Each structure stands twice: as structure tokens, then as C-alpha cells.
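Whatever position you read off the sequence shown (first residue = 1), add 3 for the working numbering.
Think of the CB as a built atom: it goes at the ideal place given N, C-alpha and C, for glycine as much as any other residue.
Quick caveat, the model's predicted, so the values are computed rather than measured.
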Amino acid sequence: MSEVVPTPIQKRPDIVYQTGRIGIVFDEMAPMTGGLNPDELDIEAEFDTLEADPNNPALFTRMRFLINADRDSQTGLVQSTLLSRLNSNLNNPDIAQTYMNLLTFDGSEAAQMSLAGLADPVGIIIPAEISHHALHTLALLENPLPISYNTLTNVMNSGTATQAQKDTAAKALGAVSAALSESDPAVAQNLANTLLNQVPPPPRLKPKSRCWPWATPKCPICWPPCNPI
4 MSEVVPTPIQ KRPDIVYQTG RIGIVFDEMA PMTGGLNPDE LDIEAEFDTL EADPNNPALF
64 TRMRFLINAD RDSQTGLVQS TLLSRLNSNL NNPDIAQTYM NLLTFDGSEA AQMSLAGLAD
124 PVGIIIPAEI SHHALHTLAL LENPLPISYN TLTNVMNSGT ATQAQKDTAA KALGAVSAAL
184 SESDPAVAQN LANTLLNQVP PPPRLKPKSR CWPWATPKCP ICWPPCNPI
């Protein structure tokens, strides 16, 4: 395993920097890559380092930089390795959950398909905490796709999911509806209606009379006894 050497953040040639003030001039915010180039790094070594310390925030941030840099790559090596490493570590909660969190940041169709597959209770047999965490990650997607909110709907209505899974799926669906409120308001409203249909009707209360059970035919106020007040 080759040693991972931190790469200092460098100026980007496609960004115009202003002299004499803080900030840069740009038309659109470009993904932050930290100056990393996946084509110049040993990607397997990067993942080995993260797996050795999966809760290290600096390593997590570095992997986010690599994911951003990989978006413009022709090979997509970072994403394919991330998906492969996740499937190989489903029995290791710390590593698996870190990888799922990275897939949430990735947010691509392939990433959401992977998370949806892990959240599906009738999918592959995996530890319950991994499947439950997948539901949480779907709630945090910035741009949820149909595969994600359809999976949450299926889990919420599933006959095999646990009550905890159903509750989490319902809460996640609410978050997804909010995330889509501006980009796709029609879908957001449909999801909100789906959640409203899950709310049970209020219990019917038994009518009360002013003096029941002492009502008699001689009492014009409370006879018959079921006359509500």
C-alpha cells in the first residue's frame, strides 16, 4: 500500500482572483476539489487510509474533494471504488455508514440506486442498522430522484418492514418532499398528500348530555339521553 501524501490546496486556473480583496470572481460556484486530481492519485490507497480511520473528519473531507473531482473524470474511478468498497464492508457498520454518507454527498443516480437498494427491506440480507441508516441518508439528499422517494414510499407501506423502519421512512419522505418543493413542486405535493393519507382519523367521541345518566322523560333538557350538548 503506497503512502497517501496530503496535497496542498492550489489556485485553480479557471478562476479569476481579485487583487487587494478577499474572494474570487466567478459566474457559478464550482465544486470544491482541494486541488486533488484522481488521475494522479492511488485511489485504492485513499480508500485504505479512510477505512483505517473511518470517523476521521479530515479524511472524510478529502474523500468529498475526490468525489467532486471525479465528477469531471472520464473513468469515474472514485465512484466505482466507493460503491465496491461499500458492498464489501456491509458487516462493518463504521465503514459502511461512512461510505453511505459519502454516497449521499455524491447524490448521483448510481449513488441513490445503491442507497435505495440498502434501504429496501425485501432487498439483500444486510444488518438492520445498515438498512436503517440507508433510510436516514435518503432523507439528506439534495436532489432526490424517483428511485429514492419511491423506495421510501414502499418501505412506509411495506408489510415486512419493522415499525421503526416505517416511521423513519415516513420522516425521510417528509424531508424529501421539502427538498423537492422548489425544483419539482408537483411531486413534492404528491408526497405530502401520501403522508397525509397515513395519518389516522381522530377517534369518535361519545355524545354527552347535560345530566346523563340521570336523564328522564320528565327532563326536557336532556331527554332523549343521547341529545348532545
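If you follow the alpha helix (DSSP H) that residue i is in, where does it begin and where does it stop?
i: Asp97; result: Pro96 to Asp109
i: Leu80; result: Leu80 to Ser91
Going by Cα to Cα distance, which pick from the options is closest to residue i?
i: Met35; options: Asp73, Glu49 and Ala55; result: Asp73
i: Thr52; options: His139, Pro41, Leu39 and Met66; result: Met66
i: Gln115; options: Asp56, Thr140 and Asn196; result: Thr140
i: Ala167; options: Glu132, Asp45, Ala195 and Gln100; result: Glu132
i: Ile70; options: Leu199, Gln77 and Pro41; result: Pro41
i: Pro188; options: Pro206, Gly162, Thr156 and Pro147; result: Pro147
i: Leu118; options: Ala195, Ser186 and Leu138; result: Leu138
i: Asn58; options: Gly38, Asp123 and Pro96; result: Pro96
i: Pro130; options: Asn193, Asn94 and Leu144; result: Asn94
i: Ala122; options: Glu112, Met159, Gly37 and Ser111; result: Met159
i: Gly38; options: Ser91, Asp56 and Phe68; result: Phe68
i: Leu143; options: Ala182, Ser91, Glu47 and Glu54; result: Ala182
Distance check for residue j and residue i, CA to CA, integer angstroms please.
i: Phe50; j: Leu85; result: 8 Å
i: Gly120; j: Leu105; result: 16 Å
i: Val125; j: Leu89; result: 19 Å
i: Asp170; j: Met103; result: 20 Å
i: Ala164; j: Leu62; result: 34 Å
i: Ser87; j: Asp109; result: 15 Å
i: Glu43; j: Ser76; result: 12 Å
i: Asn230; j: Pro206; result: Confidence is the limiting factor: at Asn230 the pLDDT is only 47, short of 50, which leaves the residue's position unreliable and the question unanswerable from this model.
i: Leu194; j: Glu6; result: 48 Å
i: His135; j: Asn157; result: 14 Å
i: Ala33; j: Gln82; result: 19 Å
Can a CB atom of chain D be found closer than 8 Å to the CB of residue i?
i: Leu85; result: Protein chain content of the structure displayed is limited to a single chain, and chain D is not contained in it.
Problem - the region 167 to 181 contacting the region 138 to 157, beta-carbon criterion three pairs below 8 Å - result: yes
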